[in-house]
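Engineer:
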Amino acid sequence: DTGVSQDPRHKITKRGQNVTFRCDPISEHNRLYWYRQTLGQGPEFLTYFQNEAQLEKSRLLSDRFSAERPKGSFSTLEIQRTEQGDSAMYLCASSLEQGFTEAFFGQGTRLTVV
Amino acid sequence: SQQGEEDPQALSIQEGENATMNCSYKTSINNLQWYRQNSGRGLVHLILIRSNEREKHSGRLRVTLDTSKKSSSLLITASRAADTASYFCATVRLAGGGADGLTFGKGTHLIIQP
Chain A
21 DTGVSQDPRH KITKRGQNVT FRCDPISEHN RLYWYRQTLG QGPEFLTYFQ
71 NEAQLEKSRL LSDRFSAERP KGSFSTLEIQ RTEQGDSAMY LCASSLEQGF
121 TEAFFGQGTR LTVV
Chain B
7 SQQGEEDPQA LSIQEGENAT MNCSYKTSIN NLQWYRQNSG RGLVHLILIR
57 SNEREKHSGR LRVTLDTSKK SSSLLITASR AADTASYFCA TVRLAGGGAD
107 GLTFGKGTHL IIQP
């Protein structure tokens with residue numbers, strides 16, 4: 021399978037714990053996006069990378085959230101000191117830079133904070 | 007924040023009928039894209055229309071774009087039960103108009119009655 025993969029698919033954590041999600045984009049894609057989606061809503065933009073550079077970070081992304089893409093390939097999204105309001109589906113997508121082409125999404129990581 | 011607003015929020019039609027969804031956005035764009043999401047799954051790209059295009063077709067899909075009104079419509083002809091899903095428009099802003107991440111609306115939930 022050469023699509024976007026996310027790991028884990030599901031994560032249940034206790035409030036106050038840290039969690040880290042991984043995204044492996046399509047190999048030739050240099051853009052990588054993170055979104056958060058709650059039930060009945062559209063994906064909310066969190067951040068995106070062009071290669072290893074983080075080009076934009078939403079104001080939704082509090083200082084408890086951090087994302088990295090150290091070698092311009094896979095990316096990680098870490099949430100520190102999780103809160104119940106962090107419960108959501110976290111989606112990763114990748115695309116080619118040139119021509120602002122379509123984004124290909126992974127299946128998402130569903131986070132439940134209890 | 008979300009750039010696009012889809013209308014209606016929910017739509018229920020009979021199989022075989024045509025479904026029309028609308029999207030309005032706020033800033034100048036490079037292109038506008040439509041995605042489909044089946045329940046609990048990742049998003050799938052349907053069609054992309056660039057700011058210098060007015061209409062585009064792909065199979066049973068027809069997309070229009072009116073940049074003067076900052077609006078787009080998605081028409082699905084001869085609907086099928088398998089078209090039941092949420093549909094989102096997403097915009098890529100013009101370079102220099104702020105960062106150009108892909109920003110989604112809140113979606114239209116389409117139900118096709120057999």
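Those protein sequence lines, which keep their order, are chains A and B. 21 is the number of the first residue of the first sequence in my numbering; add one for each residue after it. 7 is the number of the first residue of the second sequence in my numbering; add one for each residue after it. For each residue, glycine too, the CB sits at the ideal point set by N, CA and C.
According to the Cβ coordinates, are LEU81 (chain A) and ALA108 (chain A) closer than 9 Å?
Structural biologist: The answer is no: Cβ separation not under 9 Å.
Engineer: In chain B, what lies closer than 7 Å to GLN61 (chain A) by C-beta?
Structural biologist: Simply LYS112.
Engineer: For the structure I just gave you, are there three or more beta carbon pairs, one from the region 84-93 of chain A and one from the region 58-76 of chain A, closer than 8 Å?
Structural biologist: They touch, by the three-pair rule.
Engineer: Looking at the C-beta of ARG47 (chain B), does it have a partner C-beta in chain A at a distance below 9 Å?
Structural biologist: For ARG47 (chain B), the answer is yes, since a Cβ of chain A falls inside 9 Å of its Cβ.
Engineer: Using a cut-off of 9 Å between C-beta atoms, extract the partners of ALA123 (chain A) located in chain B.
Structural biologist: Going along chain B in sequence order, the residues near ALA123 (chain A) (Cβ under 9 Å) are GLN39, TYR41, LEU49, HIS51, ALA96 and LEU108.
Engineer: Does GLY103 (chain B) come out as helix, strand or coil in the three-state DSSP assignment?
Structural biologist: Residue placement at GLY103 (chain B) is poorly supported in this model, since its pLDDT is 44, which falls under 50; the coordinates still yield a value, given next. In the structure shown, GLY103 (chain B) sits in coil (DSSP, three-state: anything other than H, G, I, E or B).
Engineer: Should GLY126 (chain A) be labelled buried (16 or more other beta-carbon atoms within 10 Å of its own) or exposed?
Structural biologist: GLY126 (chain A) comes out buried.
Engineer: Given 8 Å as the limit, is there contact between the region 74-82 of chain B and the region 29-42 of chain B, that is, 3 or more CB pairs closer than that?
Structural biologist: In short, these stretches touch, since the Cβ pair count reaches three.
Engineer: For ASN24 (chain B), which residues in the same chain have their Cβ closer than 8 Å to its Cβ, ignoring the five residues on either side in sequence?
Structural biologist: For ASN24 (chain B), where only same-chain residues beyond five positions count, the Cβ hits under 8 Å are LEU81, ILE82, THR83, ALA84 and SER85.
Engineer: In chain B, which residues lie with their C-beta within 7 Å of the C-beta of GLY128 (chain A)?
Structural biologist: Neighbours of GLY128 (chain A) on chain B, chain order: GLY48.
Engineer: What residues in its chain sit with their C-beta under 7 Å from that of ALA105 (chain B), if we drop five residues either side in the sequence?
Structural biologist: Reliability of the predicted coordinates at ALA105 (chain B) is poor, the pLDDT of 48 falling under 50, and the value obtained from them is presented with this limitation in mind. Answer for ALA105 (chain B): no residue qualifies.
Engineer: Near GLN104 (chain A), what residues of its chain come up, given a Cβ to Cβ distance below 7 Å and the 5 sequence neighbours on each side ignored?
Structural biologist: Answer for GLN104 (chain A): ARG35 and VAL133, listed in chain order.
Engineer: Any beta-carbon of chain B closer than 9 Å to the one on LEU81 (chain A)?
Structural biologist: Not one chain B Cβ lies under 9 Å of LEU81 (chain A).
Engineer: Measure the C-alpha to C-alpha separation of THR22 (chain A) and ALA91 (chain B) and round it to an integer number of angstroms.
Structural biologist: If I take the Cα positions, the gap works out to 24 Å.
Engineer: Whose Cβ in chain C lies nearer than 8 Å to the Cβ of LEU54 (chain B)?
Structural biologist: In summary, chain C is missing from the structure at hand, where the protein chains are A and B.
Engineer: Suppose you measure from the CA of HIS49 (chain A) to the CA of GLY128 (chain A); what does that come to, to the nearest Å?
Structural biologist: Those two C-alpha atoms are separated by around 18 Å.
Engineer: Going by the DSSP bridge assignment, what does HIS63 (chain B) pair with across the sheet?
Structural biologist: HIS63 (chain B) pairs with B:ARG68.
Engineer: Could you work out which residue in A:CYS112, A:LEU116 and A:THR121 is closest to ASP44 (chain A) when comparing CA atoms only?
Structural biologist: The residue with the shortest Cα to Cα distance from ASP44 (chain A) is A:CYS112.
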